[in-house]
Each structure stands twice: as C-alpha cells, then as structure tokens.
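Some notes on the structure that comes next.
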Amino acid sequence: MPTSCDGGSRPAVSGRADAAARMDPIRRPWQPGCGRKAAHPNARFTTPARQCPAIAVAGWLANCEQIDTHYARFGNKLPQALRDELAALRRRLTVVVG
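Position one of the sequence shown corresponds to residue -18 (the numbering used here), numbered consecutively onward.
And the structure:
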C-alpha cells in the first residue's frame, strides 16, 4: 500500500478496500502515513439525528410526519401555528433537573 499523499479523487469511506482513493477534509489526496489527519477535528460533533437519544427517545423522529411542514417564514416572524407546535415540542422534550 502506498504511503505517499498522491491518492485518488473520492472522499474516504469507512471500511473501503481501495486506500488510494481517500481525501482529507480540504479535498487533498490522503494516504495512511502521509502525516496529515484524515478527518476534520469537528467531525466528532456530527451524527445522524436518529442516533441522538434526546430526539429518538421522545419519538419525534418516528412521528415527524405529524408536524406540518407547509409553514413559510417571513422575515423573522414564524406563523403562530408553527410557534405553538414548537412550544409543544419543547414541552415534550423538557428535562426536569433537581
């Protein structure tokens, strides 16, 4: 396996066999041993929402078809119905501490 940084043109995918086709966060070819990091330092903060316990436990993702998405935002004003739905969602997700 080559250790230089002259790899391919596709982004890295976990578990992929063709090590020559990996890129770093700023789209430069990347190979193991080239001296640069393969992932962005903030990549640890990204995850699918379905893996977030605060959302998944509340059942919000399972029932998201219940939330009407036909609302439009005009300037900084949200329609009253959307504000009411967001307030209800916040009440369901509220955690009492103490």
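Backbone N, C-alpha and C define an ideal beta-carbon position, used for all residues, glycine too.
These numbers were taken from a predicted model, which means no experiment stands behind them.
Exposure of Asp89, with buried meaning 16 or more beta-carbon neighbours within 10 Å: Since the first residue of the chain shown is -18 and the last is 79, residue 89 is not available in this structure.
Arg64 (DSSP reduced to helix, strand or coil): Helix, per DSSP.
Rounded separation between Ala20 and Pro60 - CA only: Taken atom to atom, the span from the alpha-carbon of Ala20 to that of Pro60 is near 40 Å.
Exposed unless 16 or more other CB atoms sit within 10 angstroms - verdict on Arg17: Here Arg17 is exposed: its Cβ has fewer than 16 other Cβ atoms, across all protein chains shown, within 10 Å.
Rounded C-alpha distance that separates Asn23 from Pro6: Within the model, the alpha-carbon separation for Asn23 versus Pro6 is close to 10 Å.
Arg73 (DSSP reduced to helix, strand or coil): Reduced to three states, the DSSP call for Arg73 is helix.
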